[in-house]
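Enquirer: Chains as they are written, first to last, in our numbering: chain A, 1 to 455; chain B, 1 to 708.
Dumping the structure here so I can ask a few things about it.
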Amino acid sequence: MKAEGGSYWVWIGIALLFRVILICFPTNLNLGSRPEVATPVTSLRRLAEGYWLKQASMSPYAGSMYHGSPLLIYILGPLTVKRIEGKPSHILCSLLFVIADFLTALLIRATGYKLKFTKSQFLKRGNLSKLLESSRKFSAEDIASLVYLWNPFTIATCVGSSTSPLENMMIVLSLYGACSRLAPLAAFGWVIATHLSLYPVILIIPVILILGHGPDSPPVRLLGSSFSTSGYKDDKSSTLPIRGFQTFSWRFVFHFLLWALIWSVYVLVLSAIYLKEFGGLNEMFRKTYGFIISVEDLSPNIGILWYFFAEVFVIFREFFLIVFNMNILFMILPLAIRLSHRPCFLAFVYVVISSMLKSYPSIGDSALYLGLLALFIDEVRDIRFSFFLFCGYIGVSLLSPVMHNLWIWRGTGNANFYFATGIAYACLQTVLVTESVSAMLNHDRTIRKELTASK
Amino acid sequence: MEESEEENGGRKMKSMERRKARLIIRLGEFLISHSVLASVISCAAGIVVLFLLPVLAKKTYISENALMPGSANPMFSQKHVMEADKLVKAITDQIYSTGKELETPRLIAQYMSHLGAEVYYHKFKEETKQFHPFHFFSSIHTSGSVHGNGSTTALGINTVGIIRAPRGDGKESIVMVSPYNSQKLVLDDAVSLGLAYSVFSLLSQATWLAKDIVWVASDSRYGEYVSVDAWLREYHNPSFLSEAVKVDSDTYKMCIDKNMAHNCKNGGDRGSDDFRRAGTMAAGLVLKVTDQKQTNERDSLKIYSEASNGQMPNLDLVNIVYYLAVQRQSFHVKVGIIRSLLSSVFLKTIGKTLEILSEMVGYLNPKWKFGISSADYVEGSATLASSMYTQALGVPTGSHGAFRDYQVDAITLEFSPSFPFQKDLSHSLTIINSGRLIEGVIRSVNNLLEKFHQSFFLYFFTSPDKFISVGVYMIGFALLAAPLPIVASALFSGKFTSEDHGESTVTEKTSNSPASWQWIGAAKVVFTVHIWAIIVLLMPHFISQLPNLTSTMSMLIWISNSTITALFFYMVLGSPYQHSNPQHKWLLLKAVMISATSIGLSLMSIINFATVQIGSLFLVPMCLIAQPLRCSKPVLLTCCNLLFMIIGFPLFAMLIFESLSTEFEGICIGNFWEWTQSLWEWNSATYLYLLVVHLPCWVLFMHILFHP
């Protein structure tokens, strides 16, 4: 858990090297065909197919193979056909994903620095030296980036040719941009992430909150006026972070919205140009967002929707589609109100919830939120069931391929076997998100108690 | 486990809300607080259930209605036996006259095409077995006949004939396999060819056929399994000619051309080289005839059904064979049995006790009687032991195992006549009976509308007509394994209660590693041990590539390398004992070890149940009683620990396995190597289990034992 200076970069280097080595033997692993790793939306094999169709001057969306962004085809497509002698086929793409993972790790680290900075500012202001000391013991940002890079889920996603590393990078980029108050960057990350997989659209709330309040300001509302007035009066020299705690700076938010508009128009125009002869944007929306929302592909994955929609009667399908999609939206507002003082953590919660309820989840999503969770390792250190969760994740990730094998290859199991692991996985995620939120709220309570005690 | 976590973390909150705690949590707490008692009871119950399994076995029954076995009168008659006789004579004559076995495929092909079947040859070559530790995860093995330098080795030739069904659409088929050794043909093989041929000749005229019949006369010069496996692979995954194969086919042409030229001259019909198919396979029957000495008056039939990694064919297939063999043809049907157990005093005692118990219960209420005689019990146990052992080994018991990889149900039928075969087969009653049986089975399978799915896939036999289904045998294992999570959570909660008394304020909590994360250190140790185990697992692959090694040498190299790696890990990562707070350290380590083991056991129970059932008899008590020698007070416990230290060692476990199969006769260290090699050559999951679950558990047990 400790990483200092040089050894940190060594570990990063080993992680990247490990990926490159694994990429060179993909035929033995064949991770790209695993339903846990590559979903219909993120599979690189489907992207190659879309590119091939495009080359044959057909719509890349013809035949319900490809369901991603046209821009991805434009960027990754040529790489999928380029072959290097004696090397596996998608090596260039895989190398790109390694770079994406590396950048994501760096961005997580940078975001962690921002969070740490604001936190230590706050703790100094509140004279909470004990908490400050304890928080200094951890370098959460290093741990988070290492957790992201060394997470077996991340490695599998990276090696298994799925485009989720790029999505994850965009989400983290957006968070980083927001934390460092670079509205164009945040807007870019958010727009591209939304463009790639739709669900990050809900991240607009945490991003706006970060831009408005500054990164993870400790609980202003809980602390009440006592802290802000006293702290403010005592020390006028460094007012900038303090101001962030109190006022909501609309300037950044407007910047963000403006930039988001510009970037979306830009992306849409580019897509429209690319798909000019194949039905244009209409076709794109139908085949990407429409595909995601209406859960058309019922092939098994680690989620729960495929099973449900395979079972449900056709006449009820629309109704349940609305129910399941609204499920995510219902949770947005209450969480935003409760956790508004911790927008970064709110972003983490949103990512977990969307990866739990999305139509085509993959372990790439878990890779992202586990990395983000490690950013708050100091706050959620008292999380309950940590060992249970750890064992659960290991158990499910081992059980899932075995059950799949039993169902598909051996024929002695059936769909229920595989779905059982899906349910177990969903339960684990539920436990993780509830426990981490309650740990975070407990932490906030502790801070308040300390503050009142120190007065 | 969940309950424990709930308890350890939320203890403070719980104490406030103890009244409000839900029933399930209170139940969990109760179990945890009495974990020792619960685990002893549960373990004992698990073992008792295991010994009760022969009593709990059910009679087999045919659950698929479409099968309708024995609903039609057999048409197999003396005429067809004459056909068989003709082929057998032709083959034996040819061998005696020319001394060339190479002609056999041609001869068979000739006979096949006389019947109007489509005939072709399938060539394959011997494959060096390769190590695919995770083979069972994916069914399609892409590597195989395509590469390798097969120019020097001769090719095996399977002769395949297909009868197109008059009432079928060519989408389904039934496969008969009759293995024979083309290099050294014996009478038994010839008779089994003749038997298959006679049935084939009957079916070629049958008007009721709705599924095509494929007869594979498989060339077992490289082993029965290899030939059938090669044919099935080609059938399901056609290999498109690549460079390597072209070269091979050239060499093949050179070696086969002489044969073929000869055939043409003879003017007989000959098979083509085109691979033909006949749709999905509904079932496979491997026919064998052995001319064993036996005391029984009736002809006997032995059924082999175990495929790789404890997979079994659908029970219905075995059932129709059993039903027809016993009810119609009065065969004496056998399945595998461990003979040495039949004279076991221990089993006899249990059998006697159960018998007495049954009688006593019968006095109280006649309905409660579970009537099983002592002899039945002993025989049932011996059969069950054999069934478990063959499944646990994960090595198929015959060439029917190759079918299971393609989800085709197949069994081997081994006929042995009551009287030795004479030169003249034409009056042999055995052939008539066997032919009628095979005809009946094929006719039943022919009636199938879907693939076998009604009956069980997971079961053990206790006799040919009694089985134990998965729902019953799972109970024993579940009871045996249940203490693991309970004890793990008890250890966790116990640890935290003792600590929570001391530190209750926030200041304590902000120490370097908070209470709820202390398991990370122990998890690191467990993880390291598993990494080491995986290295040990992969070692034989490299050792086997070294030239000129005897098995003893290989084994010694393996052991020494493993030890060196272990020492290396110690030096690099440091001893796990050096951390502070050793008092709780071993408790934590034990908790994590138990969790890891229970994950491993439950995973493995899905892959191959029988392995785990046997393995958990060692592992579960070992996990539960682990305690440092230094602080264990009762002498009995120490003795138990020392005992498990010895018998828990995987090599010793292997020794027990081996002594079950063969009698103790000169077991040397090289045998272990051969044994392991056969396991990984067959891609048995048992090998994985032994090295990834059992070995790390034992190593961690040793760690705890010698904990300061």
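We put the beta carbon where it would ideally sit given N, CA and C, even for glycine.
Name the residues in the stretch 393-404 of chain A whose C-beta lies less than 8 Å from a C-beta of chain B; which are they?
Expert: Listed by position along the chain: I394, G395, L398, L399, P401, V402 and M403.
Enquirer: Would you call B/H34 buried or exposed, if buried means 16 or more other Cβ atoms sit within 10 Å of its Cβ?
Expert: It is exposed - the Cβ of B/H34 has fewer than 16 other Cβ atoms within 10 Å.
Enquirer: Return the first residue and the last residue of the alpha helix (DSSP H) that B/K171 is part of.
Expert: Careful: B/K171 lies outside any alpha helix (DSSP H) and carries neither H nor E.
Enquirer: Is the distance from the Cβ of A/P401 to the Cβ of A/R34 below 8 Å?
Expert: In contact: A/P401 and A/R34 (Cβ atoms closer than 8 Å).
Enquirer: Along the stretch 590-605 of chain B, what residues have a CB closer than 7 Å to any CB found in chain A?
Expert: Hits within the stretch, in order: S595, I599 and L603.
Enquirer: According to DSSP, which residues form a beta bridge with B/M281?
Expert: BP columns for B/M281 point to B/S173.
Enquirer: Give the secondary structure of A/E379 by DSSP, where H, G and I count as helix, E and B as strand, and everything else as coil.
Expert: Correct three-state label for A/E379: coil.
Enquirer: Secondary structure at B/N671, three-state DSSP: helix, strand or coil?
Expert: B/N671: helix per DSSP, three-state reduction.
Enquirer: Hey, could you find the ends of the alpha helix (DSSP H) B/L50 is sitting in?
Expert: Unbroken alpha helix (DSSP H) run through B/L50: S35 to L56.
Enquirer: Would you kindly report the start and end of the unbroken alpha helix (DSSP H) that includes B/K211?
Expert: Taken as a continuous stretch (DSSP letters only), B/K211 belongs to no alpha helix (DSSP H), as it is neither H nor E.
Enquirer: Would you say B/Q545 reaches chain A, if we count a Cβ-Cβ gap shorter than 8 Å as a contact?
Expert: It does not; no Cβ of chain A falls within 8 Å.
Enquirer: Could you check whether the Cβ of B/L458 sits closer than 8 Å to any Cβ belonging to chain A?
Expert: Yes, B/L458 lies at the interface with chain A (some Cβ there is under 8 Å from its Cβ).
Enquirer: Any idea what DSSP makes of A/L175, helix, strand or coil?
Expert: Residue state, collapsed to three classes: helix.
Enquirer: Which class does B/T412 belong to by DSSP, given the choice of helix, strand or coil?
Expert: Of the three classes helix, strand and coil, the one that applies to B/T412 here is strand, per DSSP.
Enquirer: Going by DSSP in three states, B/E118 sits in which element: helix, strand or coil?
Expert: Looking at B/E118 - three-state DSSP - the assignment turns out to be strand.
Enquirer: Using 8 Å for Cβ pairs, my map puts A/R144 next to A/K116. What's the rounded Cβ distance?
Expert: Residue 144 of chain A is actually Ala in this sequence, not Arg. That belief does not hold up - the Cβ atoms of A/A144 and A/K116 are roughly 11 Å apart, past 8 Å.
Enquirer: Closest Cβ-Cβ distance between A/R381 and chain B: below 8 Å?
Expert: Chain B contact via Cβ: present.
Enquirer: Which residues of the stretch 400-430 of chain A have a Cβ closer than 9 Å to any Cβ of chain B? Give them in chain order.
Expert: Those residues of the stretch 400-430 of chain A that come within reach of chain B (Cβ to Cβ, closer than 9 Å) are P401, V402, M403, H404, N405, L406, I408, W409, R410, G411, T412, G413 and F417.
Enquirer: Name the residues in the stretch 381-411 of chain B whose C-beta lies less than 7 Å from a C-beta of chain A; which are they?
Expert: Cβ contacts with chain A come from Q407.
Enquirer: On the CB-based measure, 16 or more other CB atoms within 10 Å of its CB, does B/D274 come out buried or exposed?
Expert: It is exposed - the Cβ of B/D274 has fewer than 16 other Cβ atoms within 10 Å.
Enquirer: So, under 8 Å CB-CB, B/C640 and B/C697 are touching, yes? Tell me the CB distance rounded to an integer number of Å.
Expert: Their Cβ separation, rounded to whole angstroms, is 16 Å, which puts B/C640 and B/C697 out of contact at 8 Å.
Enquirer: Can you name the residues of chain A whose CB is closer than 8 Å to the CB of B/F492?
Expert: Result: F387.
Enquirer: Relative to the C-alpha of B/P105, which candidate in B/S218, B/K79, B/L50 and B/L31 has its C-alpha closest?
Expert: Per the Cα distances, B/S218.
Enquirer: So, helix, strand or coil for B/G398, using DSSP?
Expert: Coil.
Enquirer: How big is the Cα-Cα spacing for A/R251 and A/M403?
Expert: Roughly 53 Å between the two C-alpha positions.
Enquirer: Quick one: is B/Q454 near chain A, going by C-beta distance under 8 Å?
Expert: For B/Q454, the answer is no, since every Cβ of chain A falls outside 8 Å of its Cβ.
Enquirer: Could you list which residues in chain A have their beta carbon closer than 8 Å to that of B/Q613, in chain order?
Expert: In chain order: nothing, as chain A lies at least about 17 Å away.
Enquirer: Over the uninterrupted beta strand (DSSP E) stretch that includes B/Y570, give me the two end residues.
Expert: That residue, B/Y570, is in no beta strand (DSSP E); its alpha helix (DSSP H) goes S551 to L573.
Enquirer: Using 10 angstroms around the beta-carbon of B/S416, count the other beta-carbons present and answer buried if the total reaches 16, otherwise exposed.
Expert: Buried, because 16 or more other Cβ atoms sit within 10 Å of the Cβ of B/S416.
Enquirer: Helix, strand or coil: which one does DSSP assign to B/I303?
Expert: Here B/I303 sits in strand by DSSP.
Enquirer: Closest Cβ-Cβ distance between B/I174 and chain A: below 8 Å?
Expert: With 8 Å as the cut-off, B/I174 does not count as an interface residue toward chain A.
Enquirer: Would you decide whether B/F207 is buried or exposed? Buried here means 16 or more other CB atoms lie within 10 Å of its CB.
Expert: Before going on, a small fix: residue 207 of chain B reads as Thr here, not Phe. That one is exposed.
Enquirer: Using DSSP with H/G/I as helix, E/B as strand and the rest coil, what is A/L149?
Expert: Three-state result, A/L149: helix.
Enquirer: Would you mind working out which of B/T686, B/A533, B/P547 and B/Y406 sits nearest B/N561, comparing C-alpha positions?
Expert: Nearest of B/T686, B/A533, B/P547 and B/Y406 to B/N561, Cα basis: B/A533.
Enquirer: Whose C-beta lies closer than 6 Å to the C-beta of B/E64 among residues of the same chain, with five residues either side of it excluded?
Expert: So the list reads D316 and Q454, once near-sequence residues are dropped.
Enquirer: Quick one: is the Cβ of B/A488 within less than 7 Å of any heavy atom of the ligand ATP?
Expert: Although the ligand ATP was asked about, the structure shown includes no ligands whatsoever.
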